[in-house]
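Working notes, beginning with the structure itself.
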Amino acid sequence: MSDCCNNTKEIKNETVVKCPSCTNKSKNVKLITLKSMLKPSALETLNAKENHYFCSAKDCDVVYFDSNNKVYLVSNIKVAVHQKDDSPITPICYCFDWTKEKIKEYVEKGLTPNPVEHIRENIKENRCGCEVNNPQGSCCLGNVTKFINQLT
Ligand SMILES: [Zn+2]
0 MSDCCNNTKE IKNETVVKCP SCTNKSKNVK LITLKSMLKP SALETLNAKE NHYFCSAKDC
60 DVVYFDSNNK VYLVSNIKVA VHQKDDSPIT PICYCFDWTK EKIKEYVEKG LTPNPVEHIR
120 ENIKENRCGC EVNNPQGSCC LGNVTKFINQ LT
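Oh and the sequence shown: position 108 is 107 in numbering that gives the first Met the number 0, straight run, nothing missing.
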């Protein structure tokens, strides 16, 4: 899966660390993602000098953790986290508001725009803001494609 919104240098810096709660392999996220996603009460405890990681495991309540294993839970995040939330109105593409429900409808009815094409078009125009809009801090396209493949 490619991270369309990350440049090559950042991909090289990618590290994978195990979640202290569920041991899921978790990718590093930028500080700006936590600054954007954390509720004020959690943000005021942020240790900005540490590295931070995103746990994508569905049944794990931890969304972020840092190098000292300080954790930030689902309840500390401003938005519903796609990977940990089954609601049909939770976005998969946070930048352009493609919820599970909307993607399903457009794909099954063959409506335009096709979600993947629509997202790609906006990425091409450099409009995506995954690092501040998406809790995982990286491009949603892999998640969208995976969701669509599960539909058919
Ligand atoms: Zn976890």
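Where a beta carbon is used, it is the ideal one built from N, C-alpha and C, also for glycine.
Using CA atoms only, rank isn't needed, just tell me which of the options is closest to residue i.
i	options	result
L72	P90, K99 and L37	L37
S55	E43, N67 and N27	N27
P134	A41, I76 and C59	I76
H81	N68, F64, E100 and V70	E100
I118	T98, L140 and C129	L140
N121	C59, C92 and L30	C92
T44	V70, V106 and K123	V70
K57	S86, E124, S40 and L42	S86
F64	K123, C21 and T144	C21
E107	T151, L33, S40 and P39	T151
Quick one, are the C-beta atoms of residue i and residue j less than 7 Å apart?
i	j	result
C94	N132	yes
S66	E49	yes
I31	E130	yes
K29	G136	yes
N68	P19	yes
Applying the 10 Å Cβ sphere with the 16-neighbour rule, what's the burial state of residue i?
i	result
Q149	exposed
G109	exposed
P114	buried
V62	buried
P90	buried
E104	exposed
S1	Here S1 scores only 45 on pLDDT, less than 50, and its place in the model is too uncertain to base an answer on.
G128	exposed
What is the rounded straight-line gap between the Cα of residue i and the Cα of residue j?
i	j	result
K83	F146	14 Å
I102	S25	26 Å
A47	F53	15 Å
N23	T14	13 Å
T98	R126	18 Å
D60	H51	16 Å
L42	A79	17 Å
N6	D96	A caution first: N6 carries a pLDDT of 45, below 50, which makes its placement in the model unreliable, though a value can still be read off. So the two alpha carbons sit approximately 24 Å from each other.
E9	C138	Reliability of the predicted coordinates at E9 is poor, the pLDDT of 47 falling under 50, and the value obtained from them is presented with this limitation in mind. Looking at the two C-alpha atoms, the distance is approximately 13 Å.
I need the residues with a C-beta less than 5 Å from some heavy atom of ligand 3; please give them in chain order. Summarising the ligand content, the structure contains ligand 1 and does not contain ligand 3.
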